[in-house]
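**Student:**
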Amino acid sequence: MLKFLLPLTLCAALSLAQPVLAQSQAPIVINFSHVVAQDTPKGQGALLFKQLVEQRLAGQVKVEVHANASLFGDADELQALRENRVQMLAPSLSKLGAYSKSLQLFDLPFLFDDLEALKRFQKRDKSRELLRSMTEQNIYGLAFWNNGMKQLTANRALRLPTDAKGLAFRIQPSQVLQSQFQALAASGVSVSFSETVAALHSGKVQGSENAWSNIASQQLDAVQPFITESNHGALNYMLVSNTRFWNSIPYKTRVELEAIIEEVSATVNQQAETLNHKAREQVLAAGKSTLVSLTEQERAAWRSAMQPVWKTYEAEVGADMLRAALTVNRR
Ligand code: LMR
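Using the working numbering, you'd call the opening residue of the sequence shown number -14 and step up by one each time.
1) In this structure, how does DSSP classify Tyr84 when only helix, strand and coil are distinguished?
2) Applying the criterion that 16 or more other CB atoms from any shown protein chain within 10 Å of the CB defines a buried residue, is Gln167 buried or exposed?
3) Taking 9 Å as the threshold (C-beta atoms), are Asp305 and Lys111 in contact?
4) Tell me the rounded alpha-carbon separation between Ala290 and Gln136.
5) For the ligand LMR, any of its heavy atoms closer than 8 Å to the Cβ of Gln40?
6) Answer yes if the segment 144 to 164 comes into contact with the segment 245 to 260, meaning at least three C-beta pairs across the two stretches below 8 Å, and no otherwise.
7) Buried or exposed: His217, going by 16 or more other Cβ atoms within 10 Å of its Cβ?
8) Per DSSP, which one or two residues make a beta bridge with Asn132?
9) Just verifying my parser: in three-state terms, what is the DSSP assignment at Ile200?
10) Measuring CA to CA, which of Arg265, Gly44, Asn123 is closest to Leu205?
11) Comparing C-alpha positions only, which one of Gly133, Tyr84, Gly82 sits nearest to Leu101?
12) Quick one: using the 10 Å Cβ neighbour count with 16 as the cut-off for buried, is Lys80 buried or exposed?
13) Express the C-alpha separation of Val277 and Ile200 in angstroms, rounding to a whole number.
14) If the criterion is Cβ atoms closer than 9 Å, does the pair Lys27 and Tyr222 meet it?
15) Anyone know if the C-beta pair for Ser164 and Val294 falls short of 9 Å?
16) Looking only at its chain, what residues have a beta carbon closer than 8 Å to the beta carbon of Ala300, apart from the 5 residues adjacent to it on each side?
17) At 4 residues or longer, and completely inside the segment 192 to 238: list those alpha helix (DSSP H) runs for me, N to C.
18) Between the Cα of Leu42 and those of Ile15, Glu62, Leu63, spot the shortest distance and give me the residue it belongs to.
19) Name the DSSP beta bridge partners of Gly173, please?
20) Roughly how many whole angstroms lie between the Cα atoms of Gly272 and Val190?
21) The ligand LMR and Pro94: does the residue's C-beta get closer than 8 Å to at least one heavy atom of that ligand?
22) Among Phe129, Asp92, Ile156, Gln292, which has the Cα closest to the Cα of Arg109?
23) Can you give the beta carbon distance from Arg284 to Ser215, rounded, assuming they're within the 8 Å contact cut?
24) Which residue marks the beginning of the beta strand (DSSP E) containing Val277, and which one marks its end?
25) Looking at the strands, I want to know which residues DSSP matches up with Thr138.
26) Using DSSP with H/G/I as helix, E/B as strand and the rest coil, what is Gly127?
27) Using only the alpha-carbon positions, how far apart do Ser228 and Thr181 sit?
28) Helix, strand or coil for Leu6 per DSSP?
29) Just mark Tyr125 as buried or exposed, buried being the case when its beta carbon has 16 or more other beta carbons within 10 Å.
30) Which residues in the same chain have their Cβ closer than 6 Å to the Cβ of Lys47, if we skip the five residues on either side of it in sequence?
31) Kindly examine the ligand LMR and report whether one of its heavy atoms sits closer than 8 Å to the Cβ of Phe178.
32) With distances taken Cα to Cα, identify the nearest neighbour of Ile156 among Arg141, Glu194, Leu127.
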């Protein structure tokens, strides 16, 4: 538009000058920090994002990936993002409930039948709403990335919910997860991801819950003799940036970045299941932990023990949000 208002000679000069300017400008740097290993759904997603940005926006945008909490850990990464000391994260939704009460939805046990149901929900308008629910707090949601369904690990065999009584479970910082274990007459102790193995090893906690990819990459099976395949919840993430930083990226570049993110998110969400399946096989082949497979009735017992938690959080999460989530199950 501006071009039409300027004298022609100036236009010519500008159009010549722009590429030179663009080339001499330092690229925008996106530091992408996360707490997991590279060979996990999130680790692979971060690397694919870097690779596609390097291919398509070379010289304009540079991505630095910092894995394994090497730059920031659970305790400080969100604050660092809000202060633009890091520009991209993909925290699990359990770590975002403190910023957006509605996001606690994703921690409700036995809410989604499986990952497919969760993916269906993530495509709904309600989920788009959730991506924008922290914008004012300088946390800008870009996409949902999935890991896998969570399993229970423990120092004793957990077949029925009563078996968990009295155990302390490592949890992510989430009140819903705290309530979930209280519902079993157990307790939840918030421990950062990178300190989880040590906490299990020292006996500070005697159990945990996580997706197979994290169980394998953190070698939780070396310190937990039993794994119950409960699939009682999902571990999923929100790819987030700093609102002000994201909006400061020139429009055209931002559109290209958002297209890359869409592509990467589709790949992450497609491959997560395969990576978790491989991780499960790896843990079983190592033979350090005994797998406890639940019958339908046993799993139903876990569901009835944990499900009362929904009522406690219905008002905070929003009854409409809860209803919308439940419609994606095929039960
Ligand atoms: C956890 O703390 O267990 C997970 O959120 C780690 C992760 O990012 O997968």
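All residues carry an ideal CB built from backbone N, CA and C; glycine is no exception. The structure displayed is predicted, hence computed values, not measured ones.
**Tutor:** Taking the structure as given:
1) Correct three-state label for Tyr84: coil.
2) When all chains shown are included, Gln167 counts as exposed.
3) It is a contact, given that the beta carbons lie within the stated cut-off.
4) Each residue's alpha carbon lies about 16 Å from the other.
5) Because no heavy atom of the ligand LMR lies under 8 Å away, the Cβ of Gln40 does not count as near it: no.
6) Touching, no, given that fewer than three Cβ pairs across the two stretches are closer than 8 Å.
7) Result: buried.
8) Asn132 is bridged by DSSP to nothing; it lacks a bridge partner.
9) It is helical.
10) Looking only at Arg265, Gly44, Asn123, the smallest Cα-Cα distance to Leu205 is reached by Arg265.
11) According to the sequence displayed, residue 101 carries Glu and not Leu. Across the set Gly133, Tyr84, Gly82, the C-alpha of Gly133 shows the shortest separation from the C-alpha of Glu101.
12) Buried: at least 16 other Cβ atoms inside 10 Å.
13) In a straight line, the C-alpha of Ile200 is about 15 Å away from that of Val277.
14) Yes, these two residues count as a Cβ contact at 9 Å.
15) Contact: yes.
16) Within the same chain, no Cβ atom closer than 8 Å to the Cβ of Ala300 is found once the five residues on either side in sequence are excluded.
17) Counting only runs of 4 or more residues that sit fully inside the segment 192 to 238, the alpha helix (DSSP H) segments are 197 to 202, 228 to 233, in chain order.
18) Per the Cα distances, Ile15.
19) Gly173 pairs with Phe154.
20) For Gly272 and Val190, the gap between their C-alpha atoms comes out near 22 Å.
21) No, since every heavy atom of the ligand LMR falls outside the 8 Å radius drawn around the Cβ of Pro94.
22) Residue Phe129 is the option with its Cα nearest to Arg109.
23) Right, their Cβ atoms sit about 7 Å apart.
24) Looking at the DSSP string, the run of the beta strand (DSSP E) that includes Val277 is 275 to 278.
25) The partner list for Thr138 (beta bridge, DSSP) reads Ser193, Ile212.
26) The residue asked about is misnamed: residue 127 is Leu in this sequence, not Gly. Leu127: strand per DSSP, three-state reduction.
27) Looking at the sequence provided, one finds Thr at residue 228 rather than Ser. When the Cα atoms are used, Thr228 and Thr181 turn out to be separated by approximately 31 Å.
28) Legend: pLDDT at Leu6 = 41, less than 50; position of this residue unreliable, no value from coordinates given.
29) Buried.
30) Only residues of its own chain outside the window of five on either side were considered, and among them Pro12, Val14 have a CB closer than 6 Å to the CB of Lys47, listed in chain order.
31) Indeed, a heavy atom of the ligand LMR lies less than 8 Å from the Cβ.
32) Answer by Cα proximity: Glu194.
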